[in-house]
């Protein structure tokens, strides 16, 4: 009997210990879960802050470099190079030369703005801007791997290459194509003044048409409709009746 009682007491103790361990493990797991959730929130906050601060930095940098475009919104920016070829049109014997300018390509709502940060050509000016309005771009051409050409309506062209990665190159190409196409779509839509002018022309045309129809009706009516009506007294006079 004593052995049995002892065994029962030991079983109860083990059961209580097991329940305690289970509760403690559950609490630890809950706290760890809270910790991870807090850590994730912290990381998300840091990333959002970094993203916002990076966007603000790009905006400030853009305004400092392109003060005339202060009304523009920067959609994205890419580090790349501008490749330009120059030739002497007055001397055919002078060979064509190619120059590369490293810098940053900013894509805004209406323009592609490139800021050259060094001057390999030795033109005496280290930094200079190049602004290409989308409404002046005829098409975007993808050439050699990593090379992007903007062909203008004037047939001049600007070539960009040396993007940081293939993803950056593809992103810049797709974004420029989309922005240029959007600019064309907006330009093809009639403005409010044009719509008003069309409505005015439509109203004038309607009035002219109504006047023409009125003239036709008058021309086809019997002559008696247009002649003055004879009163009853005049009729009696002509017939001799009193």
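Numbering (our numbering), first residue to last: -2 to 239. Cβ coordinates follow ideal geometry from the N, Cα and C atoms, glycine included. Given the structure is predicted, the values throughout are model-derived calculations rather than measurements.
- Excluding the 5 residues flanking it on each side, residue 64 has no same chain C-beta neighbour closer than 7 angstroms.
- A distance below 7 angstroms between beta-carbons, with the five flanking residues on each side excluded, links residue 68 to no residue of its chain.
- Here the C-alpha atom of residue 57 lies approximately 11 angstroms from the C-alpha atom of residue 70.
- The straight-line gap separating the alpha-carbon atoms of residue 155 and residue 54 is approximately 26 angstroms.
- The secondary-structure analysis by DSSP pairs residue 142 with nothing; it has no beta-bridge partner.
- Here DSSP, grouped into helix, strand and coil, assigns residue 107 to coil.
- Take the alpha-carbon of residue 128 and the one of residue 163: they are about 24 angstroms apart.
- The segment 91 to 98 and the segment 171 to 180 do not touch, with fewer than 3 CB-CB distances between them shorter than 8 angstroms.
- In the DSSP assignment, residue 84 falls outside any beta strand (DSSP E), carrying neither H nor E.
- Take residue 84, set aside five residues on each side of it, and the residues of its chain with a beta-carbon closer than 6 angstroms to its own are 93, in chain order.
- Counting C-beta atoms within 10 angstroms of its own C-beta, residue 72 has fewer than 16 neighbours from the protein chains shown and is therefore classed as exposed.
- Judged by beta-carbon spacing, residue 184 lies beyond the 8 angstroms limit of residue 75, meaning their Cβ atoms are not closer than that value.
- Look at residue 157 here: in three-state DSSP terms it is strand.
- DSSP, read as helix, strand or coil, puts residue 135 in strand.
- When secondary structure is reduced to three states using DSSP, residue 74 falls in the strand class.
- Beyond the five residues adjoining it in sequence on each side, residue 160 comes within less than 7 angstroms, by CB distance, of 75, 77, 143, 166 and 169 in the same chain, given in chain order.
- In the DSSP annotation of this structure, the continuous segment of the beta strand (DSSP E) that includes residue 126 starts and ends at 125 to 130.
- When the five nearest sequence neighbours on each side are left out, the beta carbons in the same chain lying within less than 6 angstroms of the beta carbon of residue 82 are those of 93 and 95, in order along the chain.
- Here the alpha carbons of residue 112 and residue 158 stand approximately 14 angstroms from one another.
- Bridge partners of residue 113 according to DSSP: 100 and 125.
- Between residue 139 and residue 107, the C-beta gap is not smaller than 8 angstroms, which leaves the two residues out of contact.
- One alpha carbon belongs to residue 59, the other to residue 66, and they sit about 9 angstroms apart.
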